[in-house]
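Comments concern the structure below.
Protein chains in written order, with this note's numbering: chain A, 249 to 744; chain B, 664 to 1259; chain C, 5 to 293.
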């Protein structure tokens, strides 16, 4: 097991080798590994020839990423990069798994594509024990996408801009669907800035605390004519809302389905009744629809909605409600009732001739994080989560975790001593966007120049006032992982 | 390895140095090369885990206890979870977990052999003289009790036998153990296994060679592995540890595991109460064991041998270390054994006070750095032994038999002893006999013959009772004196030769207390893993304590029966399975009738 | 789509259990064979999501030509094996295991199954002597945080918690068996408190404990108050909300309140194991926490 992470995280401690990469240099490392695999003659030629396109161009493209150059950009010793490239290429099976350290960058999509290149070079995809897997941070990120909660997709990942797909849904739903893609989250905030978006319905999200560059996000939400928040808690976003719709908890108070990281559709079941005036989310939506003039929705059950989905979404067609119950979950695609579900994807690449379109290599440029380090902001801040807490803490601050350590700014011993600060000291932390007070902790495993914090306690430390709202143009995901900051001793500021 | 959590306690300089010396050339698990590259991981951890027990010894020796700082430092170097290391450290008698009361701990054997020799009073006397004295299970000095082991901080341990307040003081000031005593038969021409004991200089390879040493290794290398195993098979040699498994068959099983790393393990964890024969061989003729291990290892195709010796044998340990080093320096161990092109070397590991580690799979766990808990069998060591790899494990006496077999041929060996019990056997005579000590006799000698050879019973014509085979054996009485001591005859009589213990009791000895001490021994030495043994041994000891304190035997008989049944039938290993044997035999022979 | 590769079917072995011929696939244990035949067999230290340690010895059976009884949970079935599950020796040993345990450990919160088997074998722990006069593991419970209670006078030393904390699930190794013989016990290093140990509060130890030695603090407190009522509880299976793994949660609900969380051992996602958030992060589903 190799771990690539700017920090020697708990997972990295399990690894045989840990590479302490510089934040935001993932593409450089991937290109360096790719070049080494090619230069060492470790490419799976048979797979590449049959199942991919664009290899020659890609090989030329990454040729400049010698081990030396890769070391220069990523900070990781060339010999270790070489060792990892050889280990990956020669392993009988190999997987690349990642979490938000790959995706929360302005180059998030490109980061993923650069990893796909490695799997294509070596054939470590579409086979048992090999592949690429994003580890989802929430229980239904996948399910939200499955159900079409994306601005460019209908349920089952069918394109909004595909006339035939749209026609199918229009026929089933008896309504017309706008023919153009909608806005993603970042685009919505931009539209608020242009006053094109004036009404917002927020369901189960707390953008006041969770958006990068929080000051800016809050200012944009202030411009709305109306904001409706549907949530299980009175979050700081709900406090800003014109109308709050109290909802039942998805996992303990509602019947339905969720889809996990491995595309497994599983049942949630109500165990306890929702409190007070809170209502099932299906009811809330249906009641609103009724007020908007839809008279024939009624109050469907989760199972009825599922049955509505199945004929429209081919990858779900084989999953009957009864099967999901009985089998404890099924992995999509599952096109018919006899189909067992799919433990992995892309097996078609191993068919001869390859089933469907060959997989393309991607020639993508490496770009450093948008929020550049400078003399004024010399430290790189990256954010992450702690084991016992979840996102902005609204669900996890209700139990008393013995391992909770609270929010602190983790710094390397070298940086702390250069600044003359000690563990436990309160300091001022500033980025180009804002400034907050935090408590310093020393993490002996952190490399010089890197700082880390969680963001679970926004009322104690409003970390997202510091983070960068630079975002990926394709996914709209903000660059939470790379902010440039400075740390000042409080007394220095007073003296000045 | 996982995201371990270590403590804040700092090691002392001595602890750090001692642990570093153990970790040695392998180096710690976690290696950082600059700020950006760290090597660690499961395979590096696995390669080093077997250093945990030596590291704990190092901490104990450096500080006189397993201190939080020392344990933590060992854990950091080896990436062992502190809770697991604590579990290992608390498994052994010789590790202490609180700051030492004194620089030296004086362990006094109050077990069945030393008890009648005033051991209990000696503990009081030593305490009165200001020593930190503790009662100990059998220390393997039964021919010269009461036995004492002085465990020292920052210095080598000492054996004092027989021990007394003055003798202990002298030993500590001179830093010398009591010299080894020669076997009573020393110098007799009839000896095969003890021929050099008391004759050869145990610290000199040259003298060993001058007395015929290392001729067997030359012969074995010339024969080749298959022939050696054949001769051992023809000889009919069987294991002397108690189970009497045919040695040739065991070796063949391991040799057949081609293509896998194989191990030879010498079980020198002689801890059966009343047993000291292996100690005598190791102290007085250590090179013979090194040579025998080399023959066995090269025969089965092992490149690594492990000599696991009980921690209570400081003299034997020092002599074996010397012998191994001398053999290695002479090219008789190492990458090219005696110019044969074969690789074989020996790693000596010390136990730390745990009878259970004489059980072969517990011994493997102990070497591997885990608690000395026996494993379930099957699978057997031949295929899944040390580190899960094919392993031949033999005790000291079994191995030294290989020397005469190789030199004289299997057929000649098979002609000695009896047909089904060929060869000679070492007997450990202690208690009420005129000349206690280790004796070598051909199989087939009667118990009476053995007693006569030791000068007979002291103060009586016949013994009141004899503990045959050790605590895991059985009591016998005068009606068994003419029993031929062979595997087949003892088995037919429902007893066992065990480890060769012949411990003699007279009318004056308190048998109820002796039997209770046997039960107490098993209670203390149970590893605690399985219910029948963990709880059964303590319940058995409670019954015997009640009998001593006037309970009626009739009221307790059913419970003793059921305890014996569950321990014998349902325990994981031989400890629990035999924990009721001696007690039951005492009951059956009426030795408990006289309970006061 | 991708077909799931199926391993070649394992060959069958044929053995005799209590006079009946039984065929099971190679690699099955005697216990598997017994269950396949509907022969009820007691277990304590065995769990389907843990490696067998065969330490409790309550599942022992008699195998022809074996000197001693063998643990059915760990011993593989072999061709031609002749097994008795109800011989006099088996009955005696099973009864004695229960008597030995019950004489030294509080079994009042063990499962109903344990109590049924004790009746079945006629176990009478009082034969061992007055509990006040014989060795027991009696001791006060360890309450060191708001999530766990470790009540070691109920510990039968089945090693399940150690396995779940270590190699079989969590790889945290916060606890291990320490000491020896009857003094063997589950402990952190130097018996430091759980919050000072490596414990990450996954609760997987609680999930596998068969005797109520390791419990949620909620359960402990309700038992102390006398309000714990399993008859009045219902269990709903749902999916944890805190990440994308998709662990199944069994929410135990009494009076419309979640009182503890378990996870089904036979579910392929995590085989009954959870993390701190899944096990204890449910308080937000309760108005007063």
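We put the CB at the ideal spot given by N, CA and C, even for glycine.
Across the structure, residue 595(A) and residue 373(A) are spaced so that their CA atoms are roughly 8 Å apart. Taking 8 Å as the cut-off, the Cβ atoms of residue 1034(B) and residue 971(B) do not count as close. Residues of the region 546-580 of chain A that bring their beta carbon within less than 8 Å of a beta carbon in chain B are absent altogether. When secondary structure is reduced to three states using DSSP, residue 951(B) falls in the helix class. Here residue 231(C) is exposed: its Cβ has fewer than 16 other Cβ atoms, across all protein chains shown, within 10 Å. Under the Cβ distance rule, residue 666(B) counts among the residues neighbouring chain A, one pair being separated by less than 8 Å. Look at residue 675(B): its C-beta is not under 8 Å from any C-beta on chain C.
Linking residue 72(C) to residue 948(B) through their CA atoms gives a straight-line distance of about 38 Å. For residue 990(B), the enclosing alpha helix (DSSP H) stretches over residues 977-992.
C-alpha of residue 222(C) to C-alpha of residue 168(C): approximately 21 Å in a straight line. Neighbourhood of residue 700(B) in chain A, by CB distance below 8 Å: 265, 266, 267, 268, 324, 325 and 328, in chain order. 174, 175, 176, 177, 178, 179, 180, 181, 182 and 183: these are the residues of the region 172-183 of chain C whose beta carbon lies less than 9 Å from some beta carbon of chain B, given in chain order.
Within the region 703-721 of chain B, the residues whose Cβ lies closer than 9 Å to some Cβ of chain A are 703, 704, 705, 706 and 707, listed in chain order.
For residue 696(B), at least one C-beta of chain A is nearer than 8 Å to its own C-beta. Looking at the DSSP output, residue 811(B) sits in a beta bridge with 771(B) and 823(B). For the region 801-820 of chain B, the set of residues with a beta-carbon nearer than 7 Å to any beta-carbon of chain C is empty. One finds nothing in chain B with a Cβ atom closer than 7 Å to the Cβ of residue 446(A); even the nearest lies about 48 Å away. Following the DSSP letters along the chain, one finds residue 739(B) in no beta strand (DSSP E) but inside the alpha helix (DSSP H) bounded by residues 731-741. DSSP, reduced to helix, strand and coil, places residue 135(C) outside both helices and strands of the structure shown, so it counts as coil. Two segments are said to touch when three or more pairs of C-beta atoms, one from each, lie closer than 8 Å; by this definition the region 1090-1099 of chain B touches the region 1165-1179 of chain B. 8 Å or more divides the Cβ of residue 1070(B) from the Cβ of residue 1106(B).
Around the beta-carbon of residue 540(A), fewer than 16 other beta-carbon atoms lie within 10 Å, marking it exposed. Counting C-beta pairs closer than 8 Å gives three or more between the region 730-743 of chain B and the region 672-692 of chain B, which meets the contact rule. A distance of 8 Å or more separates the beta carbons of residue 496(A) and residue 475(A). Against residue 389(A), the close residues of chain C are 248, in the order they occur along the chain (beta-carbon pairs closer than 9 Å).
Residues of chain B whose Cβ lies closer than 9 Å to the Cβ of residue 68(C) do not exist; the shortest such Cβ separation is about 14 Å.
If you draw a straight line from the Cα of residue 414(A) to the Cα of residue 279(A), it comes to about 39 Å. Per DSSP, reduced to three states, the secondary structure at residue 1239(B) is helical. For the pair residue 864(B) and residue 832(B), the Cα-to-Cα distance works out to about 28 Å. Within a 10 Å sphere around the beta-carbon of residue 425(A) sit fewer than 16 other beta-carbons, which makes this residue exposed. Inclusion of residue 472(A) and residue 441(A) in the CB contact set at 8 Å is not warranted, their separation being larger than that value. As DSSP reads the structure, residue 1057(B) sits in a beta bridge with 929(B). Contact of residue 386(A) with chain C is assigned, a C-beta pair being separated by under 8 Å.
Neighbours of residue 1081(B) in chain C, taken as residues at a C-beta separation under 7 Å, are lacking, since the least C-beta distance is about 24 Å. Distances from the alpha-carbon of residue 430(A) to those of 508(A), 398(A) and 444(A) put 398(A) closest. In this structure, residue 917(B) lies away from residue 1025(B), with their beta-carbon atoms at least 8 Å apart.
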